[in-house]
Amino acid sequence: MKVAGLLVVSDESIPRVALRHWLSSVPGIEILGDTTAKKALHLALETGAQVIVYHVPHITNHVLVTIVAIRKGLPEAGIVVLSRETSPLLVKSAFSAGATAYLLLSSAPTDLISGIRAALNGRRLLDPDLSEGLLDALLGRSDSASTPLSEREQQVLLLRSLGHSAREIGAALRISTKSVETYYTRIREKLNLRTRAEMVRYALERGILRPKGQQ
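For the sequence shown, the UniProt record's numbering gives the first residue as 1, with consecutive numbering after it.
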């Protein structure tokens with residue numbers, strides 16, 4: 001059985017400690033540590049975590065930026081999001097940012113283990129209580145034309161919509177400013193968008209970005 005080197009992330013101390021304590025008793029899981037979202041990327045890189053379990057009751061823009069940063073820093077790691085959000089748009093935003101699995105806080109413990117195993121093996125997994133076929137729709141497998149952007153382009157779109165400069169986006173994704181501008185140009189060409197306002201509107205409509213006041 002493949003052993004999962006796992007990092008628990010939550011800004012709430014009780015859930016973080018509880019998750020760490022319970023998961024440490026699961027065969028095949030090695031707990032590498034637990035931390036807050038702010039320190040998640042640093043500790044993930046330091047420990048070489050294979051799977052990050054991210055407990056986040058609500059999907060906010062801050063959460064999405066954190067997922068983007070972890071995905072860029074550890075592209076091979078699995079990111080399992082634990083949330084209470086059931087909105088298809090919010091679930092999509094988590095996957096667009098780079099999540100590997102998405103599970104509800106109301107899910108059974110066995111479902112979390114399944115999500116960790118799926119993430120460890122590079123497979124996407126959606127909570128079984130969410131509607132069948134939703135994952136295919138969210139990932140654009142049923143209609144590729146509806147989601148023309150690559151995962152990296154969606155990450156750039158998210159950060160640009162939040163008002164970050166090309167230099168800031170480059171630093172967050174660990175790519176050059178020139179590469180950011182190239183992605184930015186591709187996004188505009190693919191979506192036929194000319195201004196940042198149009199990009200923000202598109203990101204809101206597709207659930208890549210959360211409306212102001214829900215951040």
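Ideal placement from N, C-alpha and C gives every residue a C-beta, glycine not left out.
Cβ pair residue i, residue j closer than 8 Å
i    : j    : result
P15  : H55  : yes
V68  : G98  : yes
L82  : L103 : yes
S176 : V200 : no
G78  : Q50  : yes
R186 : R194 : no
R20  : I29  : no
Whole-Å CB distance - residue i paired with residue j, under 8 Å assumed
i    : j    : result
T100 : V80  : 6 Å
I59  : I70  : Contact doesn't hold; Cβ gap of about 15 Å is too wide.
L191 : Y184 : About 11 Å; that fails the 8 Å criterion.
E181 : A166 : 6 Å
Candidates the options: closest to residue i by CA position
i           : options               : result
L158        : L209, G73, Y183       : L209
K38         : N61, L204, V9         : V9
L7          : P148, A44, G28        : A44
residue 217 : A94, K92, D127, S93   : For the chain, the structure presents residues 1 to 215; residue 217 sits outside this window and is missing.
E85         : S13, R188, P57        : P57
P75         : A197, H164, S93, R174 : R174
L105        : V26, L32, L130        : L130
L204        : T110, L125, S96       : S96
A197        : E30, G163, G170, L64  : G163
N61         : G33, S93, P88, E46    : S93
T110        : P27, L149, E168       : P27
L149        : L23, S87, R206, A40   : R206
Per DSSP, cross-strand counterpart(s) of residue i
i           : result
V14         : Before going further, note that residue 14 is Ile rather than Val in the sequence given. Answer is none; I14 lacks a bridge partner.
residue 216 : Lying before the first or after the last residue shown, residue 216 is absent from the chain, which here runs from 1 to 215.
E30         : G5
CB contact below 8 Å: residue i versus chain D
i   : result
Q50 : The chain labelled as chain D is not found in the depicted structure, where only one protein chain is given.
Okay, do the segment 109-120 and the segment 2-10 touch, 3+ Cβ pairs below 8 Å being the bar?
-> Taking a contact to require three or more Cβ pairs closer than 8 Å, the segment 109-120 and the segment 2-10 qualify as touching.
For the segment 152-171 and the segment 103-114, state whether three or more C-beta atom pairs, one from each stretch, are separated by less than 8 Å.
-> no
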